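With mature numbering (1 follows the signal peptide of the UniProt record, and there is no 0) applied, the sequence shown covers -22 to -1, 1 to 75.
All C-beta atoms in this analysis are idealised placements derived from N, C-alpha and C, irrespective of residue type, glycine included.
Just so you know, these numbers come straight off a predicted model, no measurement behind them.
Input: a single structure, listed below in structure tokens.
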Amino acid sequence: MKFITTLMVIAFVLSVLVPTQALRVLSEDKKVACIVTDLQVCLSALETPIPPSAECCKNLKIQKSCLCDYMENPSIEKYLEPARKVFAACGMPYPRC
């Protein structure tokens, strides 16, 4: 009988602890994957006077934590100045890196 009681206590403790550990892992995994091609929808706004699309603004906001890394890439340098108007149109501050 003691064995079954001990087993039930262990099962109860594990059932209480496991969900909290799962939540901790989920919250840590919310980091965004930095995929610069997701911002291709912003190219027309960078190269023309056309305002950015809602999808462009959404992707910029999603990838906000990646922007400074992108700005260090020499191939993106030509877009840095036009990006100011895109950030403004999306209601976002220009990143300070």
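Excluding the 5 residues preceding and the 5 following residue i in the sequence, name in chain order all residues of the same chain whose CB lies nearer than 7 Å to its CB.
{"i": "Cys46", "result": "Pro73, Cys75"}
{"i": "Val19", "result": "Ser31, Glu33, Cys34, Asn37"}
On the DSSP letters alone, give me the boundaries of the alpha helix (DSSP H) that residue i sits inside.
{"i": "Ile40", "result": "32 to 40"}
{"i": "Glu25", "result": "21 to 25"}
{"i": "Leu14", "result": "Here residue 14 turns out to be Val, not Leu, going by the sequence shown. That residue, Val14, is in no alpha helix (DSSP H); it is neither H nor E in DSSP."}
{"i": "Ser60", "result": "Checking the displayed sequence, the identity of residue 60 turns out to be Pro instead of Ser. Its alpha helix (DSSP H) spans residues 58 to 67."}
Are the beta-carbon atoms of residue i and residue j separated by less than 8 Å?
{"i": "Leu21", "j": "Ala61", "result": "no"}
{"i": "Pro30", "j": "Ala67", "result": "yes"}
{"i": "Val10", "j": "Ile40", "result": "yes"}
Quick one: is residue i buried, meaning 16 or more other Cβ sit within 10 Å of its Cβ, or exposed?
{"i": "Val14", "result": "exposed"}
Please return the same chain residues whose Cβ sits closer than 6 Å to the Cβ of residue i, not counting the five positions on each side in sequence.
{"i": "Pro71", "result": "none"}
Can you list, in chain order, the residues of its chain with a C-beta nearer than 8 Å to that of residue i? Leave out the 5 residues immediately preceding and following it.
{"i": "Leu58", "result": "Met49"}
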